[in-house]
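A.B. asks: Numbering of the sequence shown is given in my numbering, commencing with residue -16 and proceeding in unit increments. Let me give you the structure first, and then I'll get to my questions.
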Amino acid sequence: TQVEPATMPGDSFEVLVTPPRAGTFIYHTHINDIYQQAHGLYGPLIVLDSGATWNPDRDRVFIIGDNAQYAPVLNGGHLDPITLTIGVPYRFRLINITAGSPGAEFWLVRGGAPVRWRPIAKDGYALPPGQTDARVARQPVSIGETYDFRVQAPDTGNVTMEVRRHNGSLIATQAIRFGRP
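Following this line, the structure appears as structure tokens:
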């Protein structure tokens, strides 16, 4: 392990890492971490298999973190509606990097009821075949955890990614519309 030098405002340095495998990971600060994370010093690290190409149209990140008021927000609070195409498989990467929301749950709902999705990875590891059956789209994601799901809408319509506390109260929503190509 090597500790990098402090970086002054306006300065930069390059870090090269060799990850142990492809998957969904997180970066965040460890110096004055509560303050710095609440001001946006966190994010996803998406590692792809050798030869794979990132496709931001089909690979979607939903990350819950803290804002400057230390309240949990989804994707930094910038939640313009997303339009996706029916019949196309998408990878939804769910991440919790909050300082105080260990009981956060991600729900993908249509008309108030959860739809179905297929789990494919947890904390950067592909799931074994016995754990990848489609199921109701509700997933607790504790602090520091990541989950990846395959989502494919069979028909047009609106769904909502909801983030809720363990008691069911709503933290944030992201509108998603499935339409024709």
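Backbone N, C-alpha and C fix where the C-beta goes; we use that ideal spot for every residue, glycine too. Treat the numbers as computed from the prediction; the structure is a model and nothing was measured.
Write down the C-beta distance between Pro27 and Val44 rounded to the nearest angstrom, noting that I regard them as a contact closer than 8 Å.
C.D. replies: At roughly 5 Å, the Cβ-Cβ gap stays under 8 Å, so Pro27 and Val44 are in contact.
A.B. asks: Can you tell me whether Ile65 is helix, strand or coil according to DSSP?
C.D. replies: Strand, per DSSP.
A.B. asks: Measuring CB to CB, does Tyr130 end up less than 9 Å from Ala104?
C.D. replies: Yes, the pair counts as a contact, with Cβ atoms nearer than the cut-off.
A.B. asks: Does DSSP classify Gly127 as helix, strand or coil?
C.D. replies: If DSSP states are grouped into helix, strand and coil, Gly127 belongs with coil.
A.B. asks: Note the first and the last residue of the continuous alpha helix (DSSP H) segment covering Tyr18.
C.D. replies: Segment 16 to 21, the alpha helix (DSSP H) holding Tyr18.
A.B. asks: Does the distance from the C-beta atom of Pro64 to that of Ile126 stay below 9 Å?
C.D. replies: No; because the gap between Cβ atoms is not below 9 Å, this pair is not in contact.
A.B. asks: Run through DSSP, which three-state label would Gly(-7) get?
C.D. replies: DSSP places Gly(-7) in coil when its eight states are reduced to three.
A.B. asks: For the beta strand (DSSP E) holding Gln157, just list the boundary residues, first then last.
C.D. replies: Residues 153 to 162.
A.B. asks: With a 10 Å radius around its C-beta and 16 neighbouring C-beta atoms as the bar for buried, classify Met144 as buried or exposed.
C.D. replies: Label assigned to Met144: buried.
A.B. asks: With the cut-off set at 9 Å, would you say Gly162 and Phe8 are in Cβ contact?
C.D. replies: Cβ atoms of Gly162 and Phe8: not closer than 9 Å.
A.B. asks: Using C-beta distances below 7 Å, list every residue in its chain close to Leu31, excluding the 5 sequence neighbours before and after it, in chain order.
C.D. replies: The residues are Ala5, Trp37.
A.B. asks: Between which two residues does the beta strand (DSSP E) carrying His149 extend?
C.D. replies: Segment: none, His149 is in no beta strand (DSSP E) and carries neither H nor E.
A.B. asks: Give me, in chain order, the residues of the same chain whose beta-carbon lies closer than 6 Å to that of His149; leave out the 5 immediate sequence neighbours on both sides.
C.D. replies: Correct list, in chain order: Gly86.
A.B. asks: Locate the beta strand (DSSP E) running through Ala104, then write down its first and last residues.
C.D. replies: Residues 99 to 105.
A.B. asks: I need the DSSP call for Gln122, collapsed to helix, strand or coil.
C.D. replies: Gln122: strand per DSSP, three-state reduction.
A.B. asks: With DSSP as the reference, label Pro27 as helix, strand or coil.
C.D. replies: Correct three-state label for Pro27: strand.
A.B. asks: When the distance is taken between beta carbons, is Thr68 closer than 9 Å to Pro164?
C.D. replies: Taking 9 Å as the Cβ cut-off, Pro164 and Thr68 qualify as a contacting pair.
A.B. asks: Specify the secondary structure class of Asn50 as computed by DSSP and reduced to three states.
C.D. replies: Three-state DSSP puts Asn50 in coil, outside helix and strand.
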